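Numbering (the numbering used here), first residue to last: 5 to 157.
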């Protein structure tokens, strides 16, 4: 049996000072700021920017076109999405259909949350298992599917 094997690891990454990346992981074509920690079994794709002093826990997926600010926490198994199936299915290589996600500073995202293409302001907390479908524009604690404001902070 013949197959194509692709190994990625940590390739073509702009790293800040004192970054920790625990392998195995796929981290490529992205920028990671100072003192950021990336746990095992994480994929961070090209054109992603992660700020300083962040913690990305294991089994998370950060797709292209995501920007994460400084001092952020991304829990275990958090999934970022950039393709909303605008034409009824996957974009299938048409990246013009993909959308951006911007995460502010001091944002914490709980384990197994799903983040669609949105803007999340500074000082927001997203509860574990939440699905963020709309922009979050005021600091607070959000949870649920879809995520809703529980209380302001």
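Heads up, the beta-carbon is just placed ideally off N, CA and C, and yes, glycines get one too.
All figures in this text were calculated on a predicted structure; none of them were measured in a lab.
Candidates the options, of which the one nearest residue i by Cα
i, options, result
"residue 61", "109, 88, 41 and 146", "41"
"residue 21", "10, 56 and 9", "56"
"residue 15", "157, 30, 135 and 118", "30"
"residue 106", "114, 99 and 84", "84"
"residue 10", "32, 24, 18 and 26", "32"
"residue 73", "38, 43 and 88", "38"
"residue 135", "25, 142, 127 and 153", "153"
"residue 131", "123, 125, 116 and 124", "116"
"residue 111", "93, 99, 140 and 88", "140"
"residue 150", "24, 63, 26 and 138", "138"
"residue 79", "144, 133, 97 and 23", "133"
"residue 63", "123, 44, 93 and 50", "44"
"residue 81", "97, 114 and 156", "114"
Cβ shell of residue i (< 6 Å), same chain only, five flanking positions each side left out
i, result
"residue 59", "41 and 77"
"residue 101", "90 and 95"
"residue 66", "48, 52 and 84"
"residue 127", "110 and 143"
"residue 1", "Nothing can be reported for residue 1, as the shown portion of the chain is limited to 5 through 157."
Enclosing beta strand (DSSP E) for residue i [first to last residue]
i, result
"residue 105", "105-107"
"residue 155", "152-156"
"residue 130", "128-130"
"residue 12", "No beta strand (DSSP E) holds residue 12; DSSP gives it neither H nor E."
Beta-ladder partner(s) of residue i, from DSSP
i, result
"residue 50", "According to DSSP, residue 50 bridges with nothing at all."
"residue 18", "35"
"residue 144", "128 and 156"
"residue 30", "47"
"residue 59", "41 and 77"
"residue 24", "41"
Cutoff 8 Å; reference residue i; Cβ partners in own chain excluding five residues on either side
i, result
"residue 104", "69, 70, 71, 86 and 121"
"residue 18", "34, 35 and 36"
> Which whole runs of the beta strand (DSSP E) in the segment 61-135 are 3 residues long or more, in chain order?
Replying inline: Runs of beta strand (DSSP E) with 3 or more residues, each lying fully within the segment 61-135, are found at 70-72, 105-107 and 128-130, listed in chain order.
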